[in-house]
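Asks: So for the sequence shown, the numbering used here puts the first residue at 1067; every next one is plus one.
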Amino acid sequence: MKRKRVKKRIKSKKRKNKRNFLYIILLILLTLILILFWVRLVSPTEIDDVTPGISCPEIEIYNPDILYVIPNFENNPISENAEWCDYISSLNKTLRMHGIKHTYKEFLYNELSQEELDYGISEFEKCFGFVPNSFKSPQLETFYENKQLIKENNLKFMSIFNQITHKVYHCDDSTFPYNKVINLF
Ligand SMILES: [Zn+2]
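1) If you run the structure through DSSP and keep just helix, strand and coil, what is I1132?
2) Can we say the segment 1223 to 1230 touches the segment 1202 to 1213, given the rule of at least three CB pairs closer than 8 Å?
3) Considering only residues of the same chain and omitting the five flanking positions on each side of Y1128, which have a CB-CB separation below 6 Å?
4) Using only alpha-carbon positions, find the residue among Y1185, P1243, I1230, D1238 that is nearest to S1109.
5) Within 10 angstroms of the Cβ of L1088, are there 16 or more other Cβ atoms? Answer buried if so, exposed if not.
6) Please name the residue, chosen from E1182, P1130, I1144, that lies closest to T1160 on a Cα-to-Cα basis.
7) For I1216 and Y1185, which I take to be in contact (beta-carbon distance under 8 Å), what is that distance rounded to the nearest angstrom?
8) May I ask whether a heavy atom of ligand 1 can be found less than 6 Å away from the beta carbon of D1131?
This is the structure:
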């Protein structure tokens, strides 16, 4: 009789421990989400896919701090659109480079040459009057050698970590999670 009671007590203690362990895990998760929410709230906001060929009312709607510019999207070299360059410059935002042509996974599927990268940088420079200091790959995916090339050209490489720790909007609301969600979280 006594033995049975002891067994029962042990069983219930085990159950309690399991429940406490779950609560702790849940609490840690919740804390991490709250920290991430706070980090994203106070970090500078960004917008990707800024280029003359993509409409971008989001620049006015969300007023992001950092603009990621595509130098030549679908044969629209930015340097040939002086009006657009002036408009973007007049916004007084931080401007950075986002791919060269921004084809699908451009920096993952093609091994890029120094000439191609030079071309992208020079398009940026002709448009805004300075060379970019940071770079983000289309779809955030990059072939190892391409990443090395970017770094050798004194471009700070922006990774997925940057994308997670900042609110990053997209022109034309083209990418999941969509801008409204980004705005909330
Ligand atoms: Zn993009």
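For every residue, glycine included, the Cβ atom is placed at its ideal position computed from N, Cα and C.
Given the structure is predicted, the values throughout are model-derived calculations rather than measurements.
Replies: The answer reads as follows:
1) I1132 falls in the strand class under three-state DSSP.
2) The segment 1223 to 1230, when compared against the segment 1202 to 1213, does touch it at the 8 Å Cβ threshold.
3) Y1235, listed in sequence order.
4) Minimum Cα distance to S1109 is reached at I1230.
5) Flag for L1088 reads exposed.
6) Looking at E1182, P1130, I1144, the one whose alpha-carbon comes closest to that of T1160 is P1130.
7) Cβ atoms of I1216 and Y1185 stay farther apart than 8 Å, at about 14 Å.
8) Outside the cutoff, so no.
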